[in-house]
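Taken in order, the sequence shown gives residues 79 to 553; the numbers are from the working numbering.
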Amino acid sequence: MILPVIMAGGSGSRLWPLSRQQFPKQFLTLLGEHSMLQTTAKRLAGIAHSPALVICNEEHRFSVAEQFRLNGIANSGIVLEPVGRNTAPAIALAAMMAIRNGDDPVMLVLAADHVIKNEAAFCDAVIKAMPLADLDQLVTFGIVPTVPETGYGYIQRGDLLANELGFAITQFVEKPNLATAQDYIATGQYYWNSGMFMFKASTYLNELKLHSPAIFAACEASMLEVTHDVDFVRISKAAFESCPDDSIDYAVMEKTQHGVVVPMDCGWSDVGSWSALWEIDDKDEHGNVFKGDVIGINSHNTYVNASEKLVTTIGLDDVVVVETKDAILVAKQSEVQQVKQVVEQLKAEKRSEWQHHREVYRPWGKYDSIDNGGRFQVKRITVKPGAKLSVQMHHHRAEHWIVVSGTAKVTNGDKDILLTENQSTYIPVGVVHALENPGKVPLELIEVQSGSYLGEDDIVRFEDRYGRVAPTEAK
């Protein structure tokens, strides 16, 4: 039986403005009907496996849990990284968690944000690699290259193994220039480095301890204080912060004597840019990919993703246009990698658009910041049936709630009241309050905030069913 391990981290910079730091690309629906994370979990259906163990950042925990819940997908736990430390420590946490549960499974390590068009070929390669993992080999899957890609690392294969299930690894190589990539393709000995792996939990930990003992020790120490919080597994933050930051390639795979590569020809992409998404998506007769409400006139080889508004193009060639509620990207296909510079500038200017969308998801629902000024802010709030915001108060702002649809159960100081459509309540500064949806349909309301400071860190929590206790978290 295989234990899938899905690494659901990510910074959300390469597909900005659709992806953000608090809502990176694994949560986006870019191809088909499901998000990339949901699709990753669903493609395991052709393999005998346990529910996936998920590793994610603390700040993404509610989005991960909600995405599994929405599709009725089971998981073996959601392990939270207090800070990002790259793939080698993340996989170590998964392996230690599995062994802590009394097992030594074969782990299939997957990124949550990859596209695989041929899922049958993916499953065949995984099943083929299983005996190698059982023999204490560390398997990496090499993607059969289709073009001399300069954006991927490569793996050079060596001799065919005696059981003919894979190849020895000669070397890992960094992202090449075009001429070098062309030479790699011509030899037929190189594969794209997919970042997907398969090995027994104990095998990985033994090799990690041998080649990167500092990582092993820090992860082992962080597992001494494991706690469970609703859907989540927490480890010691202090111990994990001391862990070196390193990838599995550098920490283990480039050093081990037990690494093997199994070829995989499955229509794979890591969707590292908007141009990469254009390349793999279905195009019209003019080479265009249009998502949403788009009218294109005399436009060719152009990618347009319209989230909210009608977008029209005239006379565009080799261009990317991405529209969201609060930002628009227009770029040449050949220049889209520079979107990271936009994100860095937004960070430097302390603007919010690099970090989150205007519409922000929370465990209880979502809110959309529809207007704001110097001393006011207006939000549209949606509360899921049965959900409740934390019991809280604010030092600097008052709030006025107007119900648009559904039923609201409101705690306002020492009063508990029910509000329905077109009814409202006013919450003065410093008054303890809470909002709950006791009904069977979503609750929609408009919140008008007013005061001297409207930041989301002006929250003092007294009670919360989602395990959020830090006052700096948004409600």
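Just so it is clear, CB atoms sit at the ideal spot from N, CA and C, and this is done for glycine as well.
Remember, it's a predicted structure, so these values are computed and weren't measured experimentally.
Where SER154 falls, given that 16 or more other Cβ within 10 Å makes a residue buried | buried
Have a look at LYS206, ALA166, ARG429 and GLY393 and flag the residue whose alpha-carbon is nearest the alpha-carbon of ASP404.
-> ARG429
Jot down the residue ranges of each uninterrupted alpha helix (DSSP H) in the segment 113-201, minimum 4 residues, whole runs only, in chain order.
-> 114-120, 139-148 and 165-178
Hey, would you say ARG235 sits closer than 9 Å to PRO160, going by beta carbons?
-> no
Using CA coordinates, which residue listed in SER325, TYR269, TYR230 and ILE247 is at the minimum distance from VAL222?
-> TYR269
Take THR107 and list the residues in its own chain whose beta-carbon comes closer than 7 Å to its own, dropping the five residues that flank it on each side.
-> Same-chain partners within the cutoff: SER113.
Contact under 9 Å by Cβ, LEU210 with LEU122 = no
Option nearest ARG543 by Cα separation, candidates ILE375, ASP309, TRP352 and ALA384 = ASP309
Helix, strand or coil at ILE313 according to DSSP, with G and I counted as helix = coil
Using the C-alpha atoms, what's the distance from GLN416 back to HIS364?
-> 26 Å
Cut-off 6 Å between Cβ atoms - residues of its own chain near ASP348, not counting five sequence neighbours on either side | HIS192
Skipping 5 residues on each side, what residues in its chain have a beta carbon closer than 7 Å to that of ALA173?
-> Contacts found: MET185, ALA279, TYR282 and LEU283.
Determine the burial state of ASP261: buried for a count of at least 16 other Cβ atoms within 10 Å of its Cβ, exposed for fewer.
-> exposed
Endpoints, alpha helix (DSSP H) assigned at GLU357 | Taken as a continuous stretch (DSSP letters only), the alpha helix (DSSP H) holding GLU357 covers 352-358.
Is it right to say CYS119 is buried, meaning 16 or more other beta carbons lie within 10 angstroms of its own, or is it exposed?
-> At residue 119 the sequence reads Ala, which differs from the Cys that was named. With 16 or more other Cβ atoms within 10 Å, it is buried.
For LYS369, which option in LYS457, ASP359 and GLN455 has the closest C-alpha, if you only look at C-alpha atoms?
-> ASP359
Taking HIS511 as part of the beta strand (DSSP E), name the residues at either end of that continuous run.
-> It spans 511-514 - the beta strand (DSSP E) in which HIS511 sits, taken as one unbroken run.
Taking the C-alpha atoms as reference points, what is the distance between GLU427 and GLN267?
-> 46 Å
Can you give me the Cβ contacts of ASP323 inside the same chain, cut-off strictly under 7 Å, excluding the 5 residues immediately before and after it?
-> ARG163 and ASN164
Check whether the segment 515-527 touches the segment 442-455, taking contact to mean three or more Cβ pairs, one atom from each stretch, closer than 8 Å.
-> yes
Just reading off the beta strand (DSSP E) that THR248 is part of, what are its end residues?
-> Per DSSP, the unbroken beta strand (DSSP E) holding THR248 starts and ends at 245-251.
6 Å Cβ shell around LYS195 - same chain, five flanking residues per side excluded | The beta carbon of LYS195 sits closer than 6 Å to those of GLY345, all from its chain and outside the five residues before and after it, given in chain order.
Roughly how far, in whole angstroms, is the beta-carbon of GLN104 from the beta-carbon of GLN433, given that I think they are within contact range, below 8 Å?
-> GLN104 to GLN433, Cβ: 16 Å. No contact.
On the premise that LYS418 lies in contact with ARG92, defined as a C-beta separation below 8 Å, what is that separation, rounded to the nearest angstrom?
-> 7 Å
Would you list the residues sitting across from LEU81 in a DSSP beta bridge?
-> MET185
Name, in chain order, the residues that DSSP records as bridge partners for THR305.
-> ARG312
Rounded to whole angstroms, what's the CA-CA distance from LEU131 to LEU81? Just pull it up for me.
-> 7 Å
With a CB to CB cut of under 7 Å and the five nearest residues on each side skipped, what residues in its chain are close to ILE293?
-> ALA166, PRO167, ALA170, LEU286, CYS321, PRO322, ASP324 and ALA329
Based on Cα-Cα distance, which residue from VAL414, GLY273 and THR489 lies nearest to SER502?
-> THR489
What is the DSSP secondary structure of GLN267, reduced to helix, strand or coil?
-> coil
Report buried or exposed for ILE375, applying the criterion of at least 16 other Cβ atoms within 10 angstroms of its Cβ.
-> Exposed, since its Cβ has fewer than 16 Cβ neighbours within 10 Å.
Relative to the ligand ATP, is the shortest distance from any of its heavy atoms to the C-beta of ILE205 smaller than 8 Å?
-> This structure simply doesn't include the ligand ATP, nor any ligand for that matter.
How is the beta strand (DSSP E) around PHE368 delimited, first residue to last?
-> 367-369
From the DSSP output, read off the bridge partner residues of GLU363.
-> DSSP output for GLU363 lists no bridge partner at all.
Selected residue, minimal CA-CA separation from PHE250, among ILE125, VAL339, LEU513 and HIS138 = VAL339
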